[in-house]
Ligand code: ZN
């Protein structure tokens with residue numbers, strides 16, 4: 003079924019059968035969906051957007067993919083090679099959809115990305131079956147400190163992309179059933195109202211099923227794990243001249259059918 007918009011308190015509406023910890027609920031995803039089919043999701047009270055946290059705040063694993071759109075791989079000076087570039091964003095970097103983020107780097111860059119939430123424990127998944135282990139999708143920002151990322155003998159992608167607040171996600175986990183074409187969604191990023199990135203997720207070099215297959219061939223995936231699937235062209239450090247995020251900027255990250263993140267930037271607390 004397609005879930006209506008609105009919201010309810012799952013813990014109270016289920017009489018305590020389900021808890022309020024969204025991360026823990028991912029272990030009961032199929033049961034939760036079945037229960038929701040017999041319940042009446044309806045708005046009750048207002049949600050204050052600024053109080054929203056990340057839909058899944060404590061994933062056991064966060065996978066991230068580099069260079070997954072051909073134009074971005076070109077602008078970054080990389081040729082498409084035979085395997086996806088995989089790194090992690092350490093989970094402590096996750097933030098809510100409207101988080102204020104400290105400008106922890108003089109070369110702080112934006113990367114709007116589709117984020118996949120895993121819905122079942124899975125290993126060695128075939129690409130043809132891969133959507134069956136996906137719970138839903140959300141918007142993500144793979145904020146990146148290019149100075150830290152590119153320092154040293156070899157790039158340190160994971161560290162440069164994991165300062166506090168560098169992983170805004172949300173605004174909600176949208177179940178797959180709500181999306182007619184989960185593999186072909188418009189994706190865009192706006193900096194102070196100017197559109198700096200736009201593409202469709204169907205342009206990925208390695209689509210979601212292929213990523214799930216390749217990751218699960220090595221690692222067991224767990225319910226609530228996240229996969230940041232890579233960013234389209236238009237990042238700041240490949241512009242002439244380069245452009246970076248600064249105090250006072252407003253970054254909006256939007257994906258068709260999933261909603262948007264709205265993040266502002268502030269000075270590092272002294
Ligand atoms: Zn990225």
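Residue numbers (our numbering): 3 to 272. Just so you know, even glycine gets a beta-carbon here, dropped at the ideal spot from N, CA and C. As the structure is a computational prediction, the values presented were derived from the model and not from experiment.
Cβ-based neighbour list, residue i, same chain, cut-off 8 Å, excluding 5 preceding and 5 following
i	result
residue 76	235
residue 25	58, 59, 60, 61 and 226
residue 71	201, 205, 206, 207, 232, 233, 234 and 235
Inter-residue Cα distance where the pair is residue i and residue j
i	j	result
residue 42	residue 13	14 Å
residue 219	residue 126	4 Å
residue 271	residue 241	29 Å
residue 201	residue 190	7 Å
residue 54	residue 182	26 Å
residue 261	residue 170	13 Å
residue 263	residue 84	32 Å
residue 89	residue 21	32 Å
residue 52	residue 215	36 Å
Cβ-Cβ distance between residue i and residue j below 8 Å
i	j	result
residue 246	residue 62	no
residue 140	residue 86	no
residue 142	residue 31	no
residue 330	residue 233	The structure shown does not extend to residue 330, since the chain is modelled only from 3 through 272, so no value can be given for it.
residue 91	residue 164	yes
residue 237	residue 159	no
residue 258	residue 178	no
Own chain residues within Cβ distance below 6 Å of residue i, not counting five before or after
i	result
residue 212	129
residue 145	168
residue 103	167, 265 and 267
residue 117	140, 142, 171, 228 and 230
Per DSSP, cross-strand counterpart(s) of residue i
i	result
residue 89	66
residue 94	Paired residues: none, contrary to the question.
residue 254	192 and 264
residue 104	268
residue 110	147
Min CB distance residue i to chain D below 8 Å
i	result
residue 178	Looking at the structure shown, chain D is missing, and only one protein chain is on hand.
(request) With a floor of 4 residues, list each alpha helix (DSSP H) that falls wholly inside the stretch 113-179, ordered by position along the chain. (result) Listed in chain order, the complete alpha helix (DSSP H) runs (minimum 4 residues) inside the stretch 113-179 are 148-151 and 159-162.
Segments of 3+ residues assigned as beta strand (DSSP E) that fall wholly inside the stretch 12-87: Considered as a whole, the stretch 12-87 harbours 64-68 as its complete beta strand (DSSP E) runs of no fewer than 3 residues, in chain order.
Note to self: Which runs of the alpha helix (DSSP H) at least 4 residues long sit entirely within the stretch 171-242? Give them in chain order.
What the structure shows: Within the stretch 171-242, the runs of alpha helix (DSSP H) at least 4 residues long that lie entirely inside it are, in chain order, 210-218.
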